[in-house]
Amino acid sequence: MGRVEGRTAIVTGGARGMGAAHARKLASEGARVVVADVLAEEGKALAHELGDAVVFAELDVRDPEQWAATVETARTHGGEVSILVNNAGILRRTPLADTTVEDWNLVLDINLTGAFLGIQAVAPSMRAAGGGAIINVSSMGGLMAIHPSWAYTASKWALRGLTKVAALDLGSDGIRVNSIHPGFISSPMLDGADEDSLSAGLPLPRVGSPEEVADLVLFLAAEATYSTASEFSIDGGILAGIKAEG
Ligand SMILES: NC(=O)c1ccc[n+]([C@@H]2O[C@H](COP(=O)([O-])OP(=O)(O)OC[C@H]3O[C@@H](n4cnc5c(N)ncnc54)[C@H](O)[C@@H]3O)[C@@H](O)[C@H]2O)c1
0 MGRVEGRTAI VTGGARGMGA AHARKLASEG ARVVVADVLA EEGKALAHEL
50 GDAVVFAELD VRDPEQWAAT VETARTHGGE VSILVNNAGI LRRTPLADTT
100 VEDWNLVLDI NLTGAFLGIQ AVAPSMRAAG GGAIINVSSM GGLMAIHPSW
150 AYTASKWALR GLTKVAALDL GSDGIRVNSI HPGFISSPML DGADEDSLSA
200 GLPLPRVGSP EEVADLVLFL AAEATYSTAS EFSIDGGILA GIKAEG
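Residue numbering for the sequence shown follows numbering that gives the first Met the number 0, starting at 0 and increasing by one per position.
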């Protein structure tokens with residue numbers, strides 16, 4: 000029996016990168032999964048590859064109507080939703096003077112408001128399921144700053160606050176809400192970056208894999224029954240501090 004056998008999950012930004020790993024892992028442990036993303040081609044291909052347990056739903060996380068449709072797709076596909084992985088996100092790296100208000104709002108809308116809309120859309124179904132787990136994918140940039148990602152850092156810190164208020168509100172319904180804080184993880188978001196130099200000073204001197212993060216997501220969805228409003232780092236130890244050479 001799988002660790003999330005018979006449960007229904009929505010993974011936003013599930014078409015590629017870490018989201019695809021979460022969808023794959025949850026499906027392999029018995030969940031019915033909705034891969035929800037703006038990337039229709041990649042999302043459909045992944046759902047096709049993973050078979051009957053997985054369907055694709057076109058979702059822009061900024062749109063409440065598309066959220067309502069995605070929850071309906073999930074209920075039809077597997078029954079009431081008991082796992083939500085708010086994984087969709089974008090990164091912008093721009094100096095202060097070049098950070099336009101349009102770019103600022105875009106990052107906040109997707110990384111923060113998108114997660115709020117997801118929680119709002121899914122909560123009634125989770126209550127009907129008798130409880131569930133919401134995993135908000137923040138970042139190490141939600142525990143410290145990533146320079147020069149102004150809006151990204153602000154959005155990922157705010158996601159921690161969203162996690163806390165959601166945990167307070169939904170705990171008595173049996174819904175646990177936690178945030179995870181990945182460090183450098185090999186995915187399209189890191190494309191073009193030199194992974195060796197990124198990870199050189201870390202206690203674990205390598206980038207992480209999406210599958211390692213998916214293991215944490217699965218643990219929070221399937222077990223972790225007394226954890227809510229908590230922050231789970233998965234970053235090779237980047238928060239340990241600065242290592243002095245010599
Ligand atoms: N890769 C890293 O090093 C790293 C580190 C810390 C946190 N994260 C976070 O992990 C999450 C996944 O990122 P990734 O590294 O897999 O990158 P990625 O770019 O491969 O994945 C992001 C996914 O989100 C989707 N997405 C973007 N805008 C969307 C929208 N409006 N509606 C629905 N889906 C949308 C994209 O289409 C894509 O599938 C993000 O929230 C990111 O901020 C990544």
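Note that CB positions come from ideal geometry on N, CA and C, so glycine has one too. What you are looking at is a predicted structure, and each value in this text was computed from that prediction instead of being measured.
Flag R15 as yes when its Cβ comes closer than 6 Å to any non-hydrogen atom of ligand 1, and as no otherwise.
yes
Kindly indicate which three-state DSSP category K131 falls into: helix, strand or coil?
Rather than Lys, the amino acid found at residue 131 in this sequence is Gly. Three-state DSSP puts G131 in a strand.
Anyone know if the C-beta pair for V60 and G113 falls short of 7 Å?
yes
Looking at C-alpha atoms only, which residue of R91, I233, A14 and V34 is the closest neighbour of L219?
I233
State whether the region 166-174 contacts the region 203-212, with contact taken as three or more CB pairs (one from each stretch) at a distance under 8 Å.
no
Determine, using beta-carbon pairs with one atom in the region 73-82 and one in the region 4-13, whether at least three such pairs fall under 8 Å.
yes
Every unbroken alpha helix (DSSP H) inside the region 68-98 [4 residues or more]:
none
Please return the same chain residues whose Cβ sits closer than 6 Å to the Cβ of L58, not counting the five positions on each side in sequence.
A35, Q65 and T69
Suppose the cutoff is 8 Å on Cβ atoms and the five residues either side in sequence are ignored; what does the same chain contact list for A67 look like?
A120
Mark T162 as exposed unless 16 or more other C-beta atoms lie within 10 angstroms of its C-beta, in which case mark it buried.
buried
Relative to the C-alpha of P63, which residue among I237, L105 and L116 is closest?
L116
Closer than 6 Å to a non-hydrogen atom of ligand 1 - does that hold for the CB of N104?
no
For V100, count the other beta carbons within 10 Å of its own beta carbon; 16 or more makes it buried, fewer makes it exposed. Which is it?
exposed
At a cut-off of 6 Å, is P63 close to ligand 1 when judged by its beta-carbon and the heavy atoms of the ligand?
no
Check whether L25 and V3 have beta carbons under 7 Å apart:
yes
Please list the segments of the beta strand (DSSP E) lying wholly inside the region 14-71, counting only runs of 3 or more residues, in order along the chain.
31-36 and 53-57
Is A87 close to ligand 1? I mean its beta-carbon at under 6 Å from any heavy atom of the ligand.
yes
Where A8 sits in the DSSP three-state scheme:
strand
beta-carbon G12 near ligand 1 non-hydrogen atom, thresh 6 Å
yes
G200 and K242 closer than 7 Å at C-beta:
yes
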